[in-house]
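Working notes, structure below.
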Amino acid sequence: MALPTTTKHYFWPKFGALANISSKESKLPPLKSHEVLVKIHAVSLQYRDLIVGLNKYHGDFPEELVPCSDMAGEVIAIGDEAGSQWKIGDRVCANFAADHIAGDTSPEIQKTAHGGAIHGVLTQYKAFRPYSLVQIPDHLSFEEASTLPLHIYSCAALTAYNALMGPVPVKSGDTVLVLGTGGVSIHGLQLALASGAQVIATSSSDEKLKIATKLGAHHVINYKTTPNWHEEVLKLTGGRGVDHILEVGGSDSLDKSLKAVRIAGWIHTIGFVGGGTPTEVVFPTIRKACFIRGIQIGSVAQFKDMNRLLSLHPEVTRPVIDKVFPFEEALKAYEYLESQAHVGKVVIKVA
Ligand SMILES: NC(=O)c1ccc[n+]([C@@H]2O[C@H](COP(=O)([O-])OP(=O)(O)OC[C@H]3O[C@@H](n4cnc5c(N)ncnc54)[C@H](OP(=O)(O)O)[C@@H]3O)[C@@H](O)[C@H]2O)c1
Numbered sequence: 001m002a003l004p005t006t007t008k009h010y011f012w013p014k015f016g017a018l019a020n021i022s023s024k025e026s027k028l029p030p031l032k033s034h035e036v037l038v039k040i041h042a043v044s045l046q047y048r049d050l051i052v053g054l055n056k057y058h059g060d061f062p063e064e065l066v067p068c069s070d071m072a073g074e075v076i077a078i079g080d081e082a083g084s085q086w087k088i089g090d091r092v093c094a095n096f097a098a099d100h101i102a103g104d105t106s107p108e109i110q111k112t113a114h115g116g117a118i119h120g121v122l123t124q125y126k127a128f129r130p131y132s133l134v135q136i137p138d139h140l141s142f143e144e145a146s147t148l149p150l151h152i153y154s155c156a157a158l159t160a161y162n163a164l165m166g167p168v169p170v171k172s173g174d175t176v177l178v179l180g181t182g183g184v185s186i187h188g189l190q191l192a193l194a195s196g197a198q199v200i201a202t203s204s205s206d207e208k209l210k211i212a213t214k215l216g217a218h219h220v221i222n223y224k225t226t227p228n229w230h231e232e233v234l235k236l237t238g239g240r241g242v243d244h245i246l247e248v249g250g251s252d253s254l255d256k257s258l259k260a261v262r263i264a265g266w267i268h269t270i271g272f273v274g275g276g277t278p279t280e281v282v283f284p285t286i287r288k289a290c291f292i293r294g295i296q297i298g299s300v301a302q303f304k305d306m307n308r309l310l311s312l313h314p315e316v317t318r319p320v321i322d323k324v325f326p327f328e329e330a331l332k333a334y335e336y337l338e339s340q341a342h343v344g345k346v347v348i349k350v351a
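Residues 1 to 351 in UniProt numbering are what the sequence shown lists, from first letter to last.
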C-alpha cells in the first residue's frame with residue numbers, strides 16, 4: 001500500500017473562540033526510522049481541548065497548534081529502527097503525554113502533552129514513537145477506544161484510573177463520589193464499580209442522573225436542587241464520608257468535597273469545571289486528616305494496567321459515548337461539548 005504523503009488536519013490559527021478552528025491539508029514529513037505511522041480513526045474531545053481553543057488554558061503552544069490528545073487508530077507503517085513491538089494493522093491509542101512511560105510526570109514529560117505543548121491528534125495521519133502507543137482492547141471499537149486516554153482511550157479514563165489506583169487504591173467495599181457526568185466522572189464511575197466499590201454520582205440534571213443509575217451508580221444526587229449535597233453524601237454513608245472523590249468541580253465544589261470525604265480519605269483534584277472562588281483548605285484538611293492529591297492524566301504503564309481491567313469487566317466499563325460527529329463537523333463537536341448537554345464522551349470520527 002502506498003503511504004499517504006499528506007494529512008488533513010485541524011489547527012488553531014489563533015485562540016479565543018471555537019469558531020476560529022480551521023482545517024487544511026499539509027505535507028506529512030517522511031517517516032523517521034524510529035517512528036510508527038498511525039491512521040487515526042477516532043478522536044475524543046475533553047474539556048481541556050475546549051479551554052485551549054478558548055484561550056483559557058495555561059502553557060506554551062506551537063504555532064498553528066493541531067488540537068486534541070485522545071485518539072484511536074491503526075498502525076500503517078513502521079520505521080526500520082522502530083522495533084518489533086508493533087505490526088501493520090495493530091489498533092492503538094497514543095498516551096496523553098508522549099514521553100510519560102511510567103512513574104511520576106516531570107517538567108520534561110509535561111513538554112510532550114499532545115494538543116498542548118506539542119501538536120495533537122485531530123488529523124488523518126500522525127507519526128508516533130512506538131513506546132507512546134498502547135494496544136486497544138479487542139472488545140472496543142475505534143470510537144470507544146478514542147476515549148480511553150481520558151477512557152477510550154481518552155485521558156478521561158486514564159485520569160480516573162490514576163486517581164482511583166493511586167497510593168491507596170480503591171478497594172472493594174469503598175465508597176467513591178464522582179461529581180457531574182462528564183468524561184472523567186463517568187469513566188470513574190465505571191472503574192469504581194469494576195473495582196467493587198459503591199458509587200455516589202452527582203449531576204445538575206435528573207435526566208443525566210437516570211443514566212448514571214442505569215450505569216450502576218448506587219446513589220445519585222442533583223447538586224442544583226440539593227446545593228448542600230455533601231450533607232446527603234454524609235447521610236448516605238452513615239456519617240462516615242466517602243473514601244475517594246474525583247474532584248472535577250474545582251473551587252466551586254472543593255469546600256463541599258472536604259466535608260464529604262471521610263477522615264483520612266482521598267480527594268483527587270482533577271478539574272475546575274465549576275469555576276468559583278478558591279477554597280480555604282488548611283483547616284478543613286487538618287480536621288479531616290485527609291489527602292488532597294493532584295492528578296495529571298497517567299503513564300503508558302498505567303494505561304496498559306487499565307486496559308487489563310477494562311478487558312476483564314467489559315460489561316461495566318464500556319466507554320459511554322454520547323455523540324459521534326463526522327470529521328468535517330469538528331466545530332459542532334466542540335460546541336456540543338461546551339453546551340455540557342453530554343454524558344460521558346463526545347467523539348469525532350476521523351476515518
Ligand atoms: N488533571 C487531569 O489529568 C485531567 C484530565 C482530564 C480532565 N481534567 C479536568 O477535569 C474536568 C472534567 O473534564 P471532562 O473532560 O470530564 O469534562 P466534560 O466531559 O466537559 O464534563 C463536564 C461536566 O462537569 C459537570 N460539572 C459542571 N460544573 C460542575 C460543578 N460545579 N460541580 C460538579 N460538576 C460540574 C457537568 O456535568 P453535569 O451536567 O452532570 O452536572 C458537565 O457536563 C475538567 O476541568 C478537565 O480540565 C483533568
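A virtual CB, placed ideally from N, CA and C, is assigned to each residue, including glycine. Treat the numbers as computed from the prediction; the structure is a model and nothing was measured.
Inset, instruction - Just the C-alpha distance for L310 and V134, rounded to the nearest angstrom, thanks. - result: For the purposes of this step, residue 310 is taken as residue 310 along the sequence shown, with counting starting at 1. For the purposes of this step, residue 134 is taken as residue 134 along the sequence shown, with counting starting at 1. L310 and V134 have their alpha carbons spaced roughly 13 Å apart.
Legend entry - CB contact flag (I263, V281, <9 Å): The residue given as residue 263 occupies position 263 in the sequence shown. The residue given as residue 281 occupies position 281 in the sequence shown. No, Cβ-Cβ distance for I263 and V281 is not below 9 Å.
Inset, instruction - Assess, as a yes-or-no matter, whether the segment 56-75 is touched by the segment 35-46 under the definition of 3 or more beta carbon pairs within less than 8 Å. - result: yes
Inset, instruction - For Q85, I'd like the list of residues in its chain whose CB is within less than 7 Å of its CB, leaving aside the five on either flank, ordered along the chain. - result: Reading the sequence shown from its first residue, position 85 is the one you call residue 85. Contacts found: P130.
Inset, instruction - Please list, in chain order, all residues of the same chain as I76 whose beta carbon is under 6 Å from its beta carbon, the five residues on each side excluded. - result: Looking up residue 76 in the sequence shown gives position 76. Cβ within range, chain order: L37 and K39.
Legend entry - Beta-carbon contacts of K332 that lie in its chain and below 7 Å, excluding the five residues immediately before and after: Translated into positions along the sequence shown, residue 332 becomes position 332. For K332, where only same-chain residues beyond five positions count, the Cβ hits under 7 Å are F325.
Legend entry - Residue span of the alpha helix (DSSP H) that contains N222, given as start and end: In the sequence shown, the residue the question calls residue 222 occupies position 222. Note, N222: premise wrong, no alpha helix (DSSP H); beta strand (DSSP E) at H219 to N222.
Inset, instruction - Could you tell me which residues DSSP puts in a beta bridge with R293? - result: One-based indexing of the sequence shown puts residue 293 at position 293. DSSP, once it has assigned bridges, lists H268 as partnering R293.
Legend entry - Own chain, CB closer than 6 Å to A289, minus 5 neighbours either side, in chain order: In the sequence shown, residue 289 corresponds to position 289, counting from 1. A distance below 6 Å between beta-carbons, with the five flanking residues on each side excluded, links A289 to the following residues of its chain, in chain order: I263 and A264.
Legend entry - P284 (DSSP reduced to helix, strand or coil): For the purposes of this step, residue 284 is identified with residue 284 of the sequence shown, where counting begins at 1. Three-state result, P284: helix.
Legend entry - Segment contact flag, the segment 84-101 with the segment 113-125, C-beta cutoff 8 Å, min 3 pairs: With contact defined as three or more Cβ pairs closer than 8 Å, the segment 84-101 and the segment 113-125 are in contact.
Inset, instruction - Tell me where the alpha helix (DSSP H) around C155 begins and ends. - result: Here residue 155 corresponds to residue number 155 of the sequence shown, with the count starting at 1. It spans C155 to L164 - the alpha helix (DSSP H) in which C155 sits, taken as one unbroken run.
Legend entry - Same chain, Cβ closer than 6 Å to L3, neighbours up to 5 away in sequence not counted: Numbered from its first residue, the sequence shown carries residue 3 at position 3. So the list reads A77, once near-sequence residues are dropped.
Inset, instruction - Compare the beta carbon distance of I88 and V184 with 9 Å and say whether it is the shorter of the two. - result: Stepping through the sequence shown from its first residue, residue 88 is reached at position 88. Stepping through the sequence shown from its first residue, residue 184 is reached at position 184. Not closer than 9 Å, so no.
Inset, instruction - Quick one: measure Cβ to Cβ for F142 and H41, integer angstroms, because I've assumed they're closer than 8 Å. - result: Here residue 142 is taken as the residue at index 142 of the sequence shown, counted from 1. Here residue 41 is taken as the residue at index 41 of the sequence shown, counted from 1. Sure, about 4 Å apart at Cβ, within 8 Å.
Inset, instruction - Would you list the one or two residues that DSSP bridges to V347? - result: In the sequence shown, the residue the question calls residue 347 occupies position 347. V347 is bridged to S44 and V324.
Inset, instruction - May I ask you to check if the CB of R48 is nearer than 8 Å to at least one heavy atom of ligand 1? - result: Here the question's residue 48 lines up with position 48 in the sequence shown. R48: yes, Cβ under 8 Å from ligand 1.
Inset, instruction - Determine the DSSP secondary structure at Y57, reduced to helix, strand or coil. - result: Your numbering for residue 57 matches position 57 in the sequence shown. Correct three-state label for Y57: coil.
Legend entry - Closest by C-alpha distance to K349, when choosing among Y57, A72 and F15: Here residue 349 corresponds to residue number 349 of the sequence shown, with the count starting at 1. That would be A72, whose Cα lies nearest to the Cα of K349.
Inset, instruction - Output yes if chain C places a C-beta closer than 9 Å to the C-beta of P107; else output no. - result: Among the chains of the structure shown, chain C does not appear; only one protein chain is present.
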